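Okay, structure first, notes after.
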Amino acid sequence: MQEQDNQTPVVDSDIVSSDTVNTDTPVAETATVEAKEVATTEVEAEVEATEAAASVVDAPVLEETPEPVVEPVAAEPEIERESMEFDVIVVGGGPAGLSAAIRLRQLAIEAGNDEFMVCVVEKGSEFGAHTLSGAVIEPRALNELIPDWKEKDAPLNVPATEDRFYYLNSATRSTKVPDPLIPAPMHNNGNYIVSLGNVVRWLAVQAEELEVMMFPGFPAADILYNDDGSVRGILTGDMGVAASGEAKASFEPGYELLAKYTIFAEGSRGHLGKRLISRFGLDKDSDPQHYGIGLKELWEVAPEKHEQGVVMHGLGWPLTETGSTGGWWLYFDENNQVSFGLVADLSYHNPYMSPFDEMQRLKTHPVIKNVLEGGKRISYGARALTKGGLNSLPKFTFPGGVLVGDDAGFLNPAKIKGTHTSMKSGMLAAEAIFEALQAGREHDEVVAYTTMYKESWLYQDNYESRNFSPAIHRMGLFMGGAFTFIEHNLLKGKMPFTLHDNLPDYDQLERAAHAYQPTYPKPDGKLIFDKLSSVFVSNTNHAEDQPTHLKLTDSTVPISINLPLYAEPARLYCPAGVYEVVKDAEGAKFVINAQNCVHCKTCDIKDPSQNITWVTPEGGGGPNYPNM
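With this note's numbering applied, the sequence shown has no gaps in its numbers, which climb one by one up to 1007 at the end.
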């Protein structure tokens, strides 16, 4: 892991300079001259307008940023790659991908087709290594996929026994919301408190028993296309490539995995799913997608403080201090373990808001502190979640493939649950694809998946919660909450109109010169922690000598644009200390500590200049979450 800078959100005047950029990150795609001139003009105008606010940003007027020089690169010799062919490839070994693979093999066995080949590629070192969620899950989809899951010892051991909902009025005060006033989707009767990582590991065993071919540690790095533009399969990442881009002695080329259909189940902001949505215009009729960042800590608490089966949720402080929205949870699992976490909507406005530090100071509130104090933090992690709901769902079919799970965005934001929806989407995709293959088709668009979705309980689940996210974003916490209560408790999800939220998350930051700067508590190593020690307990690791998987389209943007306008928010929204602005005698530099990355994708989503692209690192890199 790399050292990180002091997280105090202060921008010093002597680090704002357009000619002191220094980054080892290669330029992934050079911005056009016209776009750069527009961005530079905006910075110049903003800096001139805010010179009076010198205590926040005291910067000279910036000159036009020179176009980066891209050195000519010699053509690489073509690499000889092995190819493997399957009936279906599943990209991503989470709940959606594994459910799709299991359902495909179930259907093949029922049809007497034992030669039907399905493979799952997973970028984590093992299935479940990158899985992180609260989690309270609704077993509806699991009941359909594997009806005898209890007899098969699925790790759903703690039924939810009681719901408690709190509004935190301030740093010391709280109000417990009476049960009848809790929105109906927040009730958890019949649900289970689980480690989703362990559920995924169990699902992986079920898939293996059905002879699904499993490839953990093999990230899907690129998409392969047929001559007609349909998806042909995927290319797994090369192994043993140095940071310079040269092959090391340990170099192993990636594989071409070819299939009649490919299911993309990468999770939130999948880097291939993102490209497919753009290539095929899948979101042209949808609202912009919206996201949250979920941060989780797993704690072992004193037995006398543990109430197995209790589910606690809350809103309010500390996010209200920065005008942000989101909520927290405390789930009392087995073995005196408690899942604690915060979801912060990435539509927040204040560039000085740090989701990680908001989570840390949340623990100082008596409602949380009384549970965790004296306990031991076991693990930490973070990931984005796709929460735009029905209005933001892209079209999820295209020639040769489909999107499932969080790659499309089936999560129910009102329930704060996406496991049952992800699993069901994978099952529906599997049924539609198997039907197409039985008819002798391949590489075409499986439109039956969309039809099956609209005729399923999954569509109804999404439809009833379609107004939740836009109501909170547009009306605020109180009015949005009241709207949600009326829609779900009184109208049973049948509001006669649909709200929309058409402003992307990245386009909502206010200027740093006008923003309130919150004060965060210093780490004590007992209740409050820093980012570096948190990354340590996430078991995150990447090979040091490999190309960075965090690509800048234009390496000058962080210092020349994001810093003077937004105090470079990457150093604060990143929950792992990956991004720093450091200064030396030559000026300011934007540093990327890619080894710390927990693969949350927040930078890819929230960067106000949309200048950061997350791609897969070398196979097996990233966090290794135990029991998360």
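Here a beta-carbon is modelled for each residue, glycine too, at the ideal position from N, C-alpha and C. Please read all numbers here as calculations on a predicted model, not as lab measurements.
Beta strand (DSSP E) segment containing D355, residue limits:
Past the edges of the chain, shown from 380 to 1007, lies residue 355, and the structure says nothing about it.
Check whether Y895 and N1006 have beta carbons under 9 Å apart:
Position 516 of the sequence shown holds residue 895. Position 627 of the sequence shown holds residue 1006. For Y895 and N1006, no; Cβs fall outside 9 Å.
With DSSP run on the structure shown, which of helix, strand or coil describes A891?
For the purposes of this step, residue 891 is taken as the residue at position 512 of the sequence shown. Looking at A891 - three-state DSSP - the assignment turns out to be helix.
Just how far apart, CA to CA, sit F643 and P943?
If you number the sequence shown from 1, residue 643 lands on position 264. If you number the sequence shown from 1, residue 943 lands on position 564. The straight-line gap from Cα to Cα measures roughly 38 Å.
Flag this pair as yes or no: are the beta carbons of H879 and D666 separated by less than 9 Å?
Within the sequence shown, numbered from 1, the residue matching residue 879 stands at position 500. Within the sequence shown, numbered from 1, the residue matching residue 666 stands at position 287. With respect to D666, H879 sits close: the two C-beta atoms are nearer than 9 Å.
Can the beta-carbon of I1018 be found closer than 9 Å to that of V470?
This structure does not reach residue 1018, given that the chain is present from 380 up to 1007, and the question cannot be answered.
Using 8 Å for Cβ pairs, my map puts N846 next to M874. What's the rounded Cβ distance?
As a working note, residue 846 is residue 467 in the sequence shown. As a working note, residue 874 is residue 495 in the sequence shown. Confirmed, Cβ separation roughly 6 Å.
Report the option in F495, E464 and H566 whose CA atom is closest to the CA atom of K796.
Locating residue 796 in the sequence shown gives position 417, where the first residue counts as 1. Answer by Cα proximity: H566.
Quick one: using the 10 Å Cβ neighbour count with 16 as the cut-off for buried, is M858 buried or exposed?
Position 479 of the sequence shown, counted from the first residue, corresponds to residue 858. Flag for M858 reads exposed.
Nearest candidate by alpha-carbon position, reference G695, set V620, L677 and G855:
For the purposes of this step, residue 695 is identified with residue 316 of the sequence shown, where counting begins at 1. Selected option, being the one with the closest Cα: G855.
Who are S553's beta bridge partners in DSSP?
Along the sequence shown, one-based indexing puts residue 553 at 174. According to DSSP, S553 bridges with L547.
Rounded to a whole number of angstroms, what is the C-alpha to C-alpha distance between A811 and L637?
Within the sequence shown, residue 811 is the residue found at index 432, counting from 1. Within the sequence shown, residue 637 is the residue found at index 258, counting from 1. About 19 Å.
Same chain, Cβ closer than 6 Å to T402, neighbours up to 5 away in sequence not counted
The residue given as residue 402 occupies position 23 in the sequence shown. Annotation note: pLDDT 30 at T402 (below 50); position unreliable, coordinate value reported separately. Hits under 6 Å: S934 and F969.
Here's a check: name, in chain order, each residue in its chain whose Cβ is nearer than 8 Å to the Cβ of G608, leaving out the five neighbours to either side.
If you number the sequence shown from 1, residue 608 lands on position 229. Hits under 8 Å: P778.
Same chain, Cβ closer than 7 Å to S726, neighbours up to 5 away in sequence not counted:
Working through the sequence shown from its first residue, we reach residue 726 at position 347. So the qualifying residues of the chain are H669, H852, D884 and Q887.
Are three or more beta carbon pairs between the segment 819-835 and the segment 738-756 nearer than 8 Å?
no
Are there 16 or more other CB atoms within 10 angstroms of the CB of A454, so buried, or fewer, so exposed?
Numbered from its first residue, the sequence shown carries residue 454 at position 75. Residue placement at A454 is poorly supported in this model, since its pLDDT is 41, which falls under 50; the coordinates are not used for a value here.
Could you check what DSSP says for G819 in three-state terms: helix, strand or coil?
The sequence position of residue 819 within the sequence shown is 440, counting from 1. Here G819 sits in coil by DSSP.
Within its chain, find whatever has a CB closer than 7 Å to the CB of N990; leave out the 5 residues flanking it on each side and keep chain order.
The residue labelled residue 990 in the question sits at position 611 within the sequence shown. Excluding residues within five positions, the ones whose Cβ falls inside 7 Å are L931, T932, D933 and V936.
Tell me the DSSP bridge mates of T1013?
Outside the shown range of the chain, which is 380 to 1007, sits residue 1013, and nothing can be said about it.
By how many angstroms is the C-alpha of E494 removed from the C-alpha of A563?
The residue you call residue 563 lines up with position 184 of the sequence shown. The residue you call residue 494 lines up with position 115 of the sequence shown. If you take the alpha carbons of A563 and E494, they lie about 46 Å apart.
Could you tell me whether the Cβ atoms of L477 and G805 are closer together than 9 Å?
Mapped onto the sequence shown, residue 477 falls at position 98. Mapped onto the sequence shown, residue 805 falls at position 426. Their beta carbons are under 9 Å apart, which means L477 touches G805 by this criterion.
My understanding is that Q925 touches V467, with C-beta atoms under 8 Å, so please give their C-beta distance in whole angstroms.
Here residue 925 corresponds to residue number 546 of the sequence shown, with the count starting at 1. Here residue 467 corresponds to residue number 88 of the sequence shown, with the count starting at 1. Contact doesn't hold; Cβ gap of about 30 Å is too wide.
Distance between K980 and A514 (C-alpha atoms, nearest Å):
Along the sequence shown, read from residue 1 onward, the residue named residue 514 stands at position 135. Along the sequence shown, read from residue 1 onward, the residue named residue 980 stands at position 601. Roughly 20 Å separates the two Cα atoms.
Measure the Cβ-Cβ separation of L674 and Y759 and say whether it is below 9 Å.
On the sequence shown, residue 674 is found 295 positions in, with the first residue counted as 1. On the sequence shown, residue 759 is found 380 positions in, with the first residue counted as 1. Yes.
When the Cα of P697 is compared with those of Y958, K833 and R552, which residue comes out closest?
What you label residue 697 is simply residue 318 of the sequence shown in a count that begins at 1. Closest option to P697, Cα to Cα, is R552.
Chain-order list of residues whose beta-carbon lies under 7 Å from that of T776 (same chain, five-residue window excluded):
Mapped onto the sequence shown, residue 776 falls at position 397. Here the set comprises E824, V825, V826, Y828 and T829.
Quick check on DSSP: helix, strand or coil for T615?
The count along the sequence shown starts at 1 and reaches residue 615 at position 236. T615 falls in the strand class under three-state DSSP.
Whole beta strand (DSSP E) elements within the segment 582-647, 3-residue minimum
If we require 3 residues or more, the beta strand (DSSP E) runs fully inside the segment 582-647 come out as 592-595, 599-604, 610-615, 618-620, 626-631 and 635-643.
Within 10 angstroms of its Cβ, does L535 collect 16 or more other Cβ (buried), or is it exposed?
Reading the sequence shown from its first residue, position 156 is the one you call residue 535. Classification for L535: buried.
For G768, would you say it is in contact with chain B, using Cβ-to-Cβ distances shorter than 9 Å as the test?
Here chain B cannot be found, since the structure has a single protein chain.
Are the Cβ atoms of G904 and G503 separated by less than 9 Å?
If you number the sequence shown from 1, residue 904 lands on position 525. If you number the sequence shown from 1, residue 503 lands on position 124. Not closer than 9 Å, so no.
Expressed to the nearest angstrom, what Euclidean distance is found between the alpha-carbon atoms of E590 and R484?
Residue mapping note: residue 590 aligns to position 211 of the sequence shown, counting from 1. Residue mapping note: residue 484 aligns to position 105 of the sequence shown, counting from 1. Rounded to the nearest angstrom, the two C-alpha atoms are 8 Å apart.
Could you name the residues that DSSP lists as bridge partners for V960?
Sequence index remark: in the sequence shown, residue 960 carries index 581 (1-based). Paired residue(s): F969.
When DSSP builds the beta bridges, which residues end up paired with P538?
In the sequence shown, the residue the question calls residue 538 occupies position 159. Bridge partners of P538: Y571.
Chain-order list of residues whose beta-carbon lies under 6 Å from that of T540 (same chain, five-residue window excluded)
Your numbering for residue 540 matches position 161 in the sequence shown. So the qualifying residues of the chain are G688.
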